[in-house]
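In UniProt numbering, the protein residues as written are 1 to 190.
Here is the structure:
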């Protein structure tokens with residue numbers, strides 16, 4: 001049903017199906033990725049009054065996601081984002097999103113600091129979550145790099161300036177931004 005997200009605590013927002021990928025995700029010392037992912041996944045299941053998955057059941061689910069995302073299974077034994085490179089942190093967030101299958105995912109500059117291979121892997125992860133679409137999922141991808149739009153299949157492209165949307169379109173807008181940059185939009189709509 002309809003929920004006023006601003007009235008909810010962060011964990012309640014997550015249980016309602018909201019996922020936020022940070023530009024610079026924090027590290028959580030002493031907590032393995034496997035334990036973290038299982039805890040958040042089972043919290044989601046409890047909120048839907050579904051039985052929790054035990055370690056073996058969850059390991060089967062998460063290793064399938066790791067394979068899809070091209071992430072080494074050793075990743076699960078590492079502490080959450082501790083000592084991770086920028087690309088590893090972004091892949092970890094994509095793994096979290098893939099496991100949780102949120103209704104709304106907000107990906108804040110998920111492409112920043114990534115090399116071309118990591119960029120393509122993140123785009124693939126985004127498209128995989130979109131492929132789960134049953135008409136009840138949305139992804140909001142915030143980027144400053146129009147080049148990233150070549151790798152994701154965006155339904156809509158919006159250009160924001162000073163806190164408001166000044167231009168909207170589809171793939172054609174992304175292509176024009178890639179070819180011409182943003183100056184023309186600011187002149188036209190600024």
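Just so it is clear, CB atoms sit at the ideal spot from N, CA and C, and this is done for glycine as well.
Answer with buried or exposed for residue 98, where buried requires no fewer than 16 other C-beta atoms within 10 angstroms of its C-beta. buried
Using the beta-carbon count (16 or more within 10 Å), is residue 146 buried or exposed? buried
For residue 81, which residues of its own chain have a beta-carbon under 7 Å away from its beta-carbon, when the five flanking residues on both sides are left out? 25, 26, 27, 28, 89, 92
Where do the ends of the beta strand (DSSP E) carrying residue 105 lie? 104–108
Residue 153 versus 160, 130, 144, residue with shortest Cα-Cα distance: 130
Where the alpha helix (DSSP H) through residue 152 begins and ends: That residue, residue 152, is in no alpha helix (DSSP H); it is neither H nor E in DSSP.
Using the C-alpha atoms, what's the distance from residue 166 back to residue 188? 9 Å
With a CB to CB cut of under 8 Å and the five nearest residues on each side skipped, what residues in its chain are close to residue 104? 17, 18, 19, 137, 138, 139, 140
Best match in 149, 158, 128, 169 for proximity to residue 68 [C-alpha to C-alpha]: 128
By DSSP, does residue 47 sit in helix, in strand, or in coil? helix
With a threshold of 6 Å on Cβ separation, who are the neighbours of residue 149 within its own chain once the five nearest residues in sequence on each side are excluded? 174
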